[in-house]
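From first to last, the protein sequence lines stand for chains A and B. Heads up, the first sequence is in my numbering, so the first residue is 263 and it goes up one at a time. Heads up, the second sequence is in my numbering, so the first residue is 21 and it goes up one at a time. Where a beta carbon is used, it is the ideal one built from N, C-alpha and C, also for glycine. Notes for the one structure printed next.
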Amino acid sequence: MAININKVYKTVLSILNKEQRGYLTPAEYNNLAQQSQREILDKLFYDYNRFLNLDNFNRINEGLADIPSKIQEQLDEFYTYADITLTDGVGALPTDLYKILDVSITNQTVEVEKVDKSRLSYLKSSPLTKPTTTFPVYYQRAADIVVEPALTDAAWTLGALRMQYIQVPANPRWGYTTNATYGTQLYDTEVFVATGAVLGSRGTGIISTNQTVGLTDGTVTLTLGSDGVITSGSGTGLVFTVTVSGSTITAINITAAGTGFAVGDTITIPHELVWMGADDAVLTLRASDLYNSSTRGSTNFTLHESNETELIISILGYAGFVIKDPSVLQAATQLSQAGAMSKAQQ
Amino acid sequence: MGLLGTTTAEQYYNSSQKFTTTVAQASSGDFQLTVSNLPANEEAFIVYVNGVEVDRSTYTFPKATTTDTINFTSGLPVLNDVVLVDFIDRSLGDYRYINLTDIVTNFMYGYTGNGKVLNNINKSEILFQAKRGIQEFAYDVARIEKIQEISVPPSLTIPMPQDYVHYVRLSWVDTAGVEHPIFPARYTSRPSESIAQDANDDYLYDENGGVLQVNPSVTENRFTDEFVLDKFAGKSNKDDYYLFSHYIANNLQTSSSRIGLNPETTNYNGVFIIDEVNGQFGFDSSMADRVITLKYVSDGLAQDGEMRIHKFAEDAIYKYIYHAILSTTLNIPEFQIMRAKKERRAAMRNAKLRLSSIKLQELTQVMTGKAKIIKR
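Shown next, in the form of structure tokens:
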């Protein structure tokens with residue numbers, strides 16, 4: 263269960279605005295949110311280790327008092343896995359890798375052990391420890407892993423490797439639209455897709471080539487890549503509806519954001535689909551049509567719900583710097599230290 | 021699922037798996053083996069369809085996407101054809117053993133991890149100690165003696181077995197198949213270096229300055245050509261008047277009755293010499309053309325299939341690994357190491373007792389009527 267980005271923002275703003283201390287803009291908040299989430303994630307590893315040490319001294323009780331398992335659940339929010347295909351024993355690491363938990367053959371019956379590079383020559387040359395298909399090993403490099411023995415051996419028929427790992431969390435983002443009348447920022451509940459098109463009605467501004475002849479009134483749903491709908495870019499997965507009224511296209515409504523789009527990409531709708539005219543209609547994606555280049559789309563925190571208080575305090579602490587109010591920073595620091603103290607008194 | 025796995029009794033005792041071809045199998049050509057111990061490759065089994073052996077080129081194993089399936093690529097069996105997969109040289113009685121992979125996996129699960137007696141231990145270290153344990157156990161605790169049967173060639177020399185660590189016993193086999201022990205000759209040897217010398221007894225060298233050697237050595241030659249076992253063993257000739265006039269003839273039937281003889285040499289079974297440097301056994305000339313059996317022990321690691329331990333010693337190997345890791349890890353309290361050492365020793369003793377296979381009934385049978393002191 264992730265923490266809602268809007269809930270935290272509202273809480274932070276309500277604390278900051280008390281006594282008119284200051285205002286945190288969405289852009290500032292998004293930066294601080296990312297910073298705080300990473301900080302808490304990293305701290306979870308140390309907390310987990312510390313409580314396991316206490317567990318080793320029989321100072322942890324079971325059930326609701328089992329703190330290590332609680333922290334493990336907090337870390338589980340970041341758990342994921344990826345199948346890695348090896349070429350001559352080398353496989354690329356996932357781009358969102360934070361900490362590797364385990365590498366095994368895909369059916370997870372044979373563990374591939376991580377070994378220290380400095381000990382590799384001993385390991386490979388000793389007949390008792392030489393890596394085999396039953397006891398394979400790997401070592402890690404900047405962007406890939408090297409498996410010994412290499413998975414090019416015909417005897418390896420169990421497929422690719424499966425890496426279980428803690429992933430780098432997606433950057434939290436408080437997306438919004440601006441009220442045209444009052445200029446207020448309204449929270450956008452749509453899920454942010456980095457290179458996707460903004461969902462909902464895009465108006466007629468997105469239409470760069472419209473048609474007025476031979477169009478039949480009505481609504482038709484089109485999928486990019488199907489029925490001759492093509493793009494000039496590399497985007498995929500876009501689904502949208504075209505509304506024709508009075509022999510012209512009056513509205514474009516995007517129902518699936520797709521991915522891989524960039525500003526200026528065109529989407530061509532073949533005339534055979536909607537109307538009897540001779541020319542195709544063309545949509546051109548503007549900055550406001552994409553999540554990346556607009557303020558639209560939100561991403562919640564990946565952190566566990568139980569980390570919400572810690573998260574708010576952390577953001578408040580950083581916000582104290584932003585709004586240059588030492589009292590906020592001091593209060594946040596005290597709260598943070600109090601939390602740490604209560605944990606340390608286990 | 022029990023430890024027997026998916027192998028049925030019929031599959032085990034017949035060492036084969038039988039299929040009656042279904043519609044799906046006739047269509048896909050896929051026959052999935054369900055035995056627990058899958059064959060390593062196509063060489064490890066023969067396929068018969070309706071009792072007729074099928075050419076190996078008509079199927080592949082394992083299939084590219086699955087490790088347990090035989091896939092017919094041509095000549096697919098049709099509906100209700102009986103397909104028999106006959107496993108070759110499948111060893112029976114494997115249930116007695118626990119293999120290396122299981123030893124390491126079980127140890128990892130039972131002894132290591134958060135809250136366990138060993139924390140943050142590398143699997144490769146456990147593998148190392150497990151293999152060392154198998155070696156140690158192979159020497160005495162769970163010793164499996166291998167036996168080679170060899171005919172002694174005219175050279176009177178045989179090579180040590182490929183996986184030889186030490187011999188247990190050498191015997192020659194008579195026409196009734198009974199073994200007669202051969203003992204090592206301590207009164208001769210096979211020099212590993214026989215220095216070549218000139219008439220002045222100066223050493224001879226080659227062009228690189230290395231000392232020249234004589235091969236075979238003079239000692240070996242003399243032993244082969246001149247050694248007469250009968251003389252050495254103290255065998256008496258029938259025309260030896262002195263001997264027959266001083267000893268009761270009946271006592272001469274057994275050489276050990278002769279007073280003053282050396283029991284070590286009073287033996288007609290022949291002798292062998294160990295050439296440690298060259299990895300060979302040599303024999304005296306009386307052994308030529310005789311069939312001998314060489315019982316020896318290996319270290320249990322020569323072949324993948326040998327890397328296993330009898331289940332009687334399973335607990336002992338865990339204790340062995342545990343102690344070995346503790347004693348090579350920094351900052352472990354000494355009392356903890358000593359406790360592990362005691363546990364290991366007790367478990368090994370227990371395993372040795374179990375594996376010594378002392379059966380009361382057999383012991384009773386052997387000892388029945390032997391109301392005398394056992395001297396040897």
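Inter-residue spacing [alpha-carbon to alpha-carbon] between residue i and residue j
i        : j        : result
A:Asn279 : A:Met263 : 28 Å
B:Thr93  : B:Ser47  : 11 Å
A:Leu385 : A:Pro393 : 8 Å
A:Ala354 : A:Asn369 : 19 Å
B:Ser275 : B:Thr286 : Note on B:Ser275: pLDDT 48, under 50, position unreliable in the model; the coordinate value appears next. The straight-line gap from Cα to Cα measures roughly 7 Å.
A:Ser576 : A:Ser598 : 7 Å
B:Asn271 : B:Phe252 : With a pLDDT of 49 at B:Asn271, under the threshold of 50, the predicted position of this residue should be treated as unreliable, though the coordinate-derived value follows. Taking the straight line from one Cα to the other gives about 19 Å.
A:Thr419 : B:Leu24  : Legend: pLDDT at A:Thr419 = 49, less than 50; position of this residue unreliable, no value from coordinates given.
A:Gln334 : A:Tyr310 : 7 Å
A:Gln321 : B:Lys372 : Looking at the sequence provided, one finds Arg at residue 321 of chain A rather than Gln. The straight-line gap from Cα to Cα measures roughly 41 Å.
B:Leu232 : B:Leu224 : 6 Å
B:Asp387 : B:Glu199 : One detail in the question is off: residue 387 of chain B reads as Met in this sequence, not Asp. Cα to Cα, the separation comes out at about 22 Å.
B:Phe247 : B:Tyr32  : 54 Å
B:Asp114 : B:Gly197 : 29 Å
B:Asn235 : B:Asp221 : 17 Å
A:Asn268 : A:Tyr449 : 7 Å
B:Thr348 : A:Lys272 : 57 Å
DSSP-derived helix/strand/coil call for residue i
i        : result
B:Met180 : coil
A:Ile277 : helix
B:Ile202 : strand
A:Thr395 : coil
B:Tyr79  : strand
A:Ala456 : coil
B:Phe247 : coil
B:Met128 : helix
A:Arg312 : helix
B:Glu73  : strand
A:Thr481 : strand
A:Gln596 : helix
A:Thr466 : coil
A:Phe307 : helix
B:Met327 : coil
A:Met425 : strand
B:Ala44  : helix
Beta-carbon proximity check, residue i vs residue j, cutoff 8 Å
i        : j        : result
B:Phe148 : A:Leu390 : yes
A:Leu565 : A:Leu573 : yes
B:Lys432 : B:Leu346 : Coverage of chain B is limited to positions 21 through 396, which leaves residue 432 of chain B absent and any answer about it impossible.
B:Lys38  : B:Leu104 : yes
B:Val124 : B:Lys143 : yes
A:Phe454 : A:Arg435 : yes
B:Pro179 : B:Gln323 : no
B:Asn119 : B:Met368 : no
B:Ile294 : B:Val172 : no
B:Thr41  : B:Asp101 : yes
A:Gly520 : A:Gly458 : yes
B:Thr306 : B:Leu249 : Here residue 306 of chain B is Ser; the residue named in the question, Thr, does not match the sequence. Yes, the Cβ-Cβ distance between B:Ser306 and B:Leu249 is below 8 Å.
A:Val365 : A:Val374 : yes
B:Thr121 : A:Thr396 : yes
A:Arg464 : A:Asp551 : yes
B:Lys158 : B:Asp309 : Here residue 158 of chain B turns out to be Ala, not Lys, going by the sequence shown. Not closer than 8 Å, so no.
A:Val460 : A:Ser604 : no
A:Val584 : A:Glu290 : yes
Cβ shell of residue i (< 6 Å), same chain only, five flanking positions each side left out
i        : result
B:Gly230 : none
A:Val352 : Asp406, Val408
A:Glu339 : Thr564, His566
A:Thr505 : Thr481, Thr512, Ala513
A:Gly490 : Pro532
B:Gly49  : Asn91, Phe92, Leu96
A:Val399 : Glu375, Val377, Pro393, Glu410
Own chain residues within Cβ distance below 8 Å of residue i, not counting five before or after
i        : result
B:Pro201 : Arg189, Leu190, Ser191, Asn289
A:Ser470 : Thr528, Val544, Leu545, Thr546
B:Arg364 : Ala336, Lys339, Tyr340, Tyr342, His343
Close beta carbons around residue i, own chain, < 7 Å, minus the five adjacent residues each side
i        : result
B:Ile330 : Correcting the residue type first, residue 330 of chain B is His in the shown sequence and not Ile. The answer, listed in chain order, is Arg116, Tyr117, Ala162, Leu375.
A:Ala600 : none
Neighbouring residues, chain E, relative to residue i (Cβ below 9 Å)
i        : result
A:Thr391 : No chain E is part of this structure, whose protein chains are labelled A and B.
*Within the segment 344-380 of chain A, note down every full alpha helix (DSSP H) run reaching 4 residues or more, in order along the chain.*
none
*Completely contained alpha helix (DSSP H) runs for the segment 135-166 of chain B, where each covers 4 or more residues*: 143-156
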